[in-house]
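Student: So for the sequence shown, the numbering used here puts the first residue at 188; every next one is plus one.
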Amino acid sequence: MDSDISYNLKYAWRALPVLGSVALLVMYTEAMLMPSLPSIQAEFGVTPAEASWVLSIYLILGTISAAVLGSLGDMYGKKKMLVLALSIYSVAVTLTGYAPTFHLLLLARALQGLGMAMFPLAFSLIREELPWPRLWRAPS
188 MDSDISYNLK YAWRALPVLG SVALLVMYTE AMLMPSLPSI QAEFGVTPAE ASWVLSIYLI
248 LGTISAAVLG SLGDMYGKKK MLVLALSIYS VAVTLTGYAP TFHLLLLARA LQGLGMAMFP
308 LAFSLIREEL PWPRLWRAPS
């Protein structure tokens, strides 16, 4: 099936822990947000419906950006787009932590959503770097 494609297994097995660490950090960051919603609501003086936009805007922009960055990854290279998405996400997480207003918090969360496109890119990159018989071990 993949006999005509050459794989750099050394690179692939070095990249997997990095991609896994990124996924773990993102999940940790996102898991902390839900319990923080009442604090966000109190800090910025917003209603529960307004505070829920902190979660919604992330998911909406993440869904859109996954498709866009996936296509850009096919055109310009998945590694480049993965680095771009990770950079956007890192800056956005920092902005989120220091947001002085609710609107800036929403903007930072929207940027985090753009960076969320790193997940489909990472899985696609893993698929390209590992041969089929070893692929099943990668997500674990």
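All residues carry an ideal CB built from backbone N, CA and C; glycine is no exception.
1. Between residue 279 and residue 308, which are expected to be in contact by the criterion C-beta below 8 angstroms, what is the C-beta distance as a whole number of angstroms?
2. Assuming residue 214 and residue 249 make a contact with CB atoms under 8 angstroms, what is their CB distance in whole Å?
3. Does the count of Cβ pairs from the region 260-276 and the region 220-231 closer than 8 angstroms reach three?
4. Closest by CA to residue 238, which one among 293, 202, 219?
5. Please classify residue 234: does DSSP put it in a helix, a strand, or coil?
6. Are the CB atoms of residue 244 and residue 297 nearer to each other than 8 angstroms?
7. Quick check on residue 229: does DSSP put it in helix, strand or coil?
8. With C-beta atoms as the reference, is residue 305 less than 8 angstroms away from residue 263?
9. Classify residue 281 as buried or exposed, calling it buried when 16 or more other Cβ atoms lie within 10 Å of its own Cβ.
10. Give the range of the alpha helix (DSSP H) segment to which residue 162 is assigned.
Tutor: In terms of the structure at hand:
1. Contact doesn't hold; Cβ gap of about 16 angstroms is too wide.
2. Rounded to the nearest angstrom, the Cβ distance from residue 214 to residue 249 is 13 angstroms, too far for a contact under 8 angstroms.
3. Not touching, per the Cβ criterion.
4. Checked all of 293, 202, 219; the closest Cα to residue 238 is 293.
5. Coil, per DSSP.
6. One thing to note: residue 244 has its Cβ within 8 angstroms of the Cβ of residue 297.
7. Assigned with DSSP and collapsed to three states, residue 229 falls in helix.
8. Contact: no.
9. It is exposed - the Cβ of residue 281 has fewer than 16 other Cβ atoms within 10 Å.
10. This structure gives no information on residue 162, because the portion of the chain shown stretches from 188 to 327.
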